[in-house]
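Asker:
2 protein chains.
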Amino acid sequence: MTQEPHGQFVIGADIGATRLRLALADGEGSIKGRWSASTVGADGAASIVGLMRAGVDTLLRAASLPSDSLSAIAAGAPGITNADSGVVIATSYLMGWRDVPLRQLLETEFGVPASVDNDVNLAAIGEHRAGAAQGISDFVFLAIGTGVGAGIVLNGRLHHGTNWGAGEIGYMLVPGASEAPVERSKPGALEGIVGGEGIKSQWQSRWSEKLTTLPRDATATQIFDHALQSNPLAQEVLQLASRTLAYAIYNTSLMLNSSLFVLGGTIGIHPALCDTTRLILHERSARVQSELIPSALGADAQLTGAIFLALDTATRKLALA
Amino acid sequence: MTQEPHGQFVIGADIGATRLRLALADGEGSIKGRWSASTVGADGAASIVGLMRAGVDTLLRAASLPSDSLSAIAAGAPGITNADSGVVIATSYLMGWRDVPLRQLLETEFGVPASVDNDVNLAAIGEHRAGAAQGISDFVFLAIGTGVGAGIVLNGRLHHGTNWGAGEIGYMLVPGASEAPVERSKPGALEGIVGGEGIKSQWQSRWSEKLTTLPRDATATQIFDHALQSNPLAQEVLQLASRTLAYAIYNTSLMLNSSLFVLGGTIGIHPALCDTTRLILHERSARVQSELIPSALGADAQLTGAIFLALDTATRKLALA
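Protein chains in written order, with the numbering used here: chain L, 4 to 324; chain B, 4 to 324.
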């Protein structure tokens with residue numbers, strides 16, 4: 004067996020509220036192995052780092068690599084993250100993290116340079132470096148899953164904002180959304196219509212067994228599939244989500260003048276949502292001409308961004324050494 | 004008389020839809036003279052440059068300066084402006100400019116380096132360098148006059164957007180604003196409630212001589228003054244404008260995570276609007292904690308920004324020579 008050179012591999016990690024995903028990649032960013040585990044009931048920072056240790060060991064063993072093969076690790080966290088200090092400032096109630104020094108925990112555990120950022124920001128990096136936004140210096144990545152968030156790239160770099168909270172688009176107030184102020188850790192006005200839970204609840208509030216063969220507890224993806232099959236009830240929910248999303252994109256484009264929006268996340272990549280939103284946005288093309296395209300990396304966007312961040316981290320630390 | 008050193012003065016210009024304003028400033032940015040003229044009926048690019056020639060000559064004569072005293076000139080234009088190429092891409096219907104090479108026209112006319120930018124962007128520069136946002140690297144300047152626009156400063160620099168159109172906040176869709184798509188050069192949804200003409204039309208649609216001593220054709224400033232005197236009708240219009248403005252600020256802050264918003268423009272500096280908007284924004288402080296303050300430069304914000312841009316232009320051209 005040819006021995007790989009020392010420290011030529013990196014780990015990218017996607018820490019989700021319910022699942023931890025890892026990828027081992029070489030110096031060119033090619034994925035050599037994947038590993039994932041449920042984080043339900045084990046979502047404290049120490050538990051997550053312990054799970055990552057187990058996953059990294061498994062990945063290295065599977066690739067027949069010695070334990071000193073890593074040059075860096077990078078992780079995306081589902082919350083507001085200070086990318087400079089490496090501290091996760093706050094996640095949603097699902098994990099409940101507050102001021103977790105994640106980068107330091109990772110560097111201590113793995114003995115290599117580490118970086119952390121918000122998971123949606125990492126997905127934006129992924130699309131920028133290897134996905135739908137390659138070569139585009141100004142674009143917005145929209146992650147639509149249970150919640151809704153944005154990763155903003157301006158002049159080729161992530162825009163984090165004064166307190167690392169940029170891209171909180173899920174709380175945007177647009178016509179048709181609730182105006183009631185929401186508490187921290189509660190879903191936002193836009194999420195209540197465009198996010199996965201919001202789509203389900205819009206469906207449930209309209210559901211009647213006379214109007215559809217789909218059950219009342221259908222998922223957002225099932226509802227959108229149903230809309231593509233021309234069910235009027237599902238189409239109504241799709242239209243509402245698409246119009247609300249189009250308004251949020253319109254507002255963001257007015258403000259930033261970004262020419263490209265990339266739709267990602269488990270719900271964002273559904274073709275019915277992307278196509279319908281694009282049509283509605285086109286009604287306002289006199290003012291906004293932004294292009295709207297689906298993610299090229301799909302569920303791998305976050306992990307891909309984490310790999311590129313890890314590669315940058317390895318290079319930067321090497322240059323400083 | 005002491006002869007000033009050659010080329011130690013700059014001209015800052017604010018080209019408005021109805022008025023042209025000039026300031027002569029020394030190398031420290033201190034204003035040494037002002038001049039203004041109506042542009043009504045003379046708003047073509049050649050007419051404006053001709054007016055500027057007359058104004059500059061008058062200013063130099065009044066300051067007893069020779070004609071070669073200028074080192075640079077900078078102008079703000081009321082429309083989408085490519086600050087790199089110096090071309091005014093489009094102004095509103097009031098002036099109707101399309102692709103005017105303003106920087107080139109100014110350099111030819113005055114024989115000194117010139118720069119141009121959008122007028123609201125220059126006001127943001129003014130507040131950043133010498134006004135309410137000194138030392139703040141991320142903030143948004145909101146100009147509220149006849150229309151509504153934003154100048155966005157990120158990491159200490161103006162954000163212009165892919166096609167130089169960033170900050171078109173006057174068209175933002177928020178709850179309560181009209182959802183009807185608007186044509187180019189027509190007022191936007193937000194302007195219809197928050198802008199000067201919008202405030203007047205909201206007033207007129209509610210006006211009855213039984214409800215107020217103020218005439219039906221009152222100005223926005225008069226209406227807001229009337230609200231401060233506790234007239235319920237004027238307070239209703241003020242509340243509507245303030246709530247709509249607060250929603251736009253909230254949306255912008257969610258997206259950019261800017262900690263500071265500076266309110267300027269003839270209507271934006273009215274204390275009733277700033278105070279009421281701040282109270283409404285505070286209802287959402289669980290999510291957005293942006294500070295809202297009035298412009299420190301008032302009507303001089305654009306002109307001050309133009310002076311600083313001219314000083315930068317003189318220095319840059321000197322460094323390149």
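For each residue, glycine too, the CB sits at the ideal point set by N, CA and C. Being a predicted model, the structure only gives us computed values, none of them experimental.
Beta carbon of Ile-76(B), beta carbon of Ala-117(B): below 9 Å?
Answerer: Yes; because the gap between Cβ atoms is below 9 Å, this pair is in contact.
Asker: Once DSSP output is grouped into helix, strand and coil, what is the label at Glu-294(B)?
Answerer: Of the three classes helix, strand and coil, the one that applies to Glu-294(B) here is strand, per DSSP.
Asker: Counting contacts by CB-CB distance shorter than 9 Å, is Asn-260(B) in contact with chain L?
Answerer: Output row for Asn-260(B): interface = yes.
Asker: How about Ile-273(B): is its C-beta nearer than 9 Å to some C-beta of chain L?
Answerer: Strictly speaking, residue 273(B) in this sequence is His, with Ile absent from that position. Chain L, which has no Cβ nearer than 9 Å to the Cβ of His-273(B), makes this no.
Asker: Taking the alpha-carbon positions, what's the Ala-135(L) to Arg-64(B) distance?
Answerer: If I take the Cα positions, the gap works out to 59 Å.
Asker: Note down, in chain order, every chain L residue with its Cβ under 8 Å from the Cβ of Asp-141(B).
Answerer: Within chain L, the residues near Asp-141(B) are Gly-164 and Thr-165.
Asker: Say whether chain B places a C-beta atom closer than 9 Å to the C-beta of Arg-281(L).
Answerer: Chain B, which has no Cβ nearer than 9 Å to the Cβ of Arg-281(L), makes this no.
Asker: Beta-carbon separation of Ala-78(B) and Asp-17(B) under 9 Å?
Answerer: Yes, the pair counts as a contact, with Cβ atoms nearer than the cut-off.
Asker: Could you list which residues in chain L have their beta carbon closer than 7 Å to that of Asn-254(B), in chain order?
Answerer: Met-175, Leu-176 and Asn-254, listed in chain order.
Asker: Excluding sequence positions up to five away, which residues of its chain have a Cβ less than 6 Å from the Cβ of Ala-127(L)?
Answerer: Phe-144, Gly-154 and Val-156, listed in sequence order.
Asker: Which of the three DSSP states, helix, strand or coil, is assigned to Ala-146(B)?
Answerer: If DSSP states are grouped into helix, strand and coil, Ala-146(B) belongs with the strands.
Asker: Check whether the stretch 31-51 of chain B and the stretch 271-290 of chain B touch, using three or more Cβ-Cβ pairs below 8 Å as the test.
Answerer: Judged by Cβ distances under 8 Å, the stretch 31-51 of chain B makes no contact with the stretch 271-290 of chain B, as fewer than three pairs qualify.
Asker: Per DSSP, Gly-201(B) is paired with what?
Answerer: DSSP lists no partner for Gly-201(B).
Asker: Smallest Cα separation from Ser-70(B): which of Gly-32(B), Val-123(B) and Ile-14(B)?
Answerer: Looking at the Cα atoms, Ile-14(B) is the closest of the given residues.
Asker: Comparing alpha-carbon positions, which option in Ala-289(B), Gly-152(B) and Ser-298(B) lies nearest Pro-190(L)?
Answerer: Here the closest residue by C-alpha is Ala-289(B).
Asker: First and last residue of the alpha helix (DSSP H) that includes Leu-108(L)?
Answerer: 105-113 is the span of the alpha helix (DSSP H), which, as asked, contains Leu-108(L).
Asker: Give the list of continuous alpha helix (DSSP H) stretches no shorter than 4 residues that lie fully inside the stretch 20-66 of chain L.
Answerer: The stretch 20-66 of chain L contains these whole alpha helix (DSSP H) runs: 48-65.
Asker: I need the straight-line Cα distance from Ala-313(B) to Gly-159(B), nearest angstrom please.
Answerer: In a straight line, the C-alpha of Ala-313(B) is about 18 Å away from that of Gly-159(B).
Asker: Using a C-beta cutoff of 9 Å, does Pro-8(B) count as contacting chain L?
Answerer: Caution applies to Pro-8(B), whose pLDDT of 44 falls short of 50 and renders its modelled position unreliable; the value that the coordinates give is listed next. With 9 Å as the cut-off, Pro-8(B) does not count as an interface residue toward chain L.
Asker: Look up Thr-84(B) in the DSSP assignment and give the residues it is bridged to.
Answerer: DSSP output for Thr-84(B) lists Val-91(B) as bridge partner(s).
Asker: Alpha carbon to alpha carbon, how far is Leu-214(B) from Pro-235(B)? Give it in angstroms, no decimals.
Answerer: Each residue's Cα considered, the two are about 8 Å apart.
Asker: DSSP three-state call for Asn-121(B): helix, strand or coil?
Answerer: DSSP places Asn-121(B) in strand when its eight states are reduced to three.
Asker: Skipping 5 residues on each side, what residues in its chain have a beta carbon closer than 6 Å to that of Val-91(L)?
Answerer: Once the five neighbours on either side are set aside, the close Cβ partners of Val-91(L) are Ala-80, Gly-82, Thr-84, Trp-100, Val-103 and Leu-105.
Asker: The alpha helix (DSSP H) spanning Ala-249(B) covers which residue range?
Answerer: First-last of the alpha helix (DSSP H) with Ala-249(B): 235-259.
Asker: Taking the C-alpha atoms as reference points, what is the distance between Thr-21(B) and Met-98(B)?
Answerer: Thr-21(B) and Met-98(B): Cα-Cα distance of roughly 9 Å.
Asker: Alpha carbon to alpha carbon, how far is Val-119(L) from Gly-179(L)? Give it in angstroms, no decimals.
Answerer: Taking the straight line from one Cα to the other gives about 36 Å.
Asker: Compare the beta carbon distance of Gly-148(B) and Gly-271(B) with 9 Å and say whether it is the shorter of the two.
Answerer: Taking 9 Å as the Cβ cut-off, Gly-148(B) and Gly-271(B) qualify as a contacting pair.
Asker: Nearest CA to the CA of Gly-268(B): which residue from Ala-66(B), Val-59(B), Ala-146(B) and Ser-72(B)?
Answerer: Closest by alpha carbon: Ala-146(B).
Asker: Starting from Gly-168(L), find everything on chain B with Cβ-Cβ shorter than 7 Å and list it in chain order.
Answerer: Simply Asn-260.
Asker: Please report how far the alpha carbon of Gly-152(B) lies from the alpha carbon of Gly-170(B), in whole angstroms.
Answerer: In a straight line, the C-alpha of Gly-152(B) is about 6 Å away from that of Gly-170(B).
Asker: Give every residue of the same chain whose Cβ lies closer than 8 Å to the Cβ of Ile-139(L), excluding the five residues on either side of it in the sequence, and list them in chain order.
Answerer: Only His-131, Val-156, Ser-262 and Leu-263 meet the Cβ criterion.
Asker: What three-state label does DSSP hand Leu-157(L) in the structure shown?
Answerer: Strand.
Asker: Counting only C-beta atoms, is Ala-244(L) closer than 9 Å to chain B at any point?
Answerer: Cβ-Cβ to chain B under 9 Å: no for Ala-244(L).
Asker: Indicate whether Ser-245(B) and Thr-224(B) have their beta-carbon atoms separated by less than 9 Å.
Answerer: Cβ atoms of Ser-245(B) and Thr-224(B): not closer than 9 Å.
Asker: With DSSP run on the structure shown, which of helix, strand or coil describes Asp-278(B)?
Answerer: Three-state DSSP puts Asp-278(B) in a helix.
Asker: Using a Cβ-Cβ cut-off of less than 7 Å, give me the residues of the stretch 286-297 of chain B that come near chain L, in sequence order.
Answerer: Answer set for the stretch 286-297 of chain B: Glu-286, Arg-287, Ala-289 and Arg-290.
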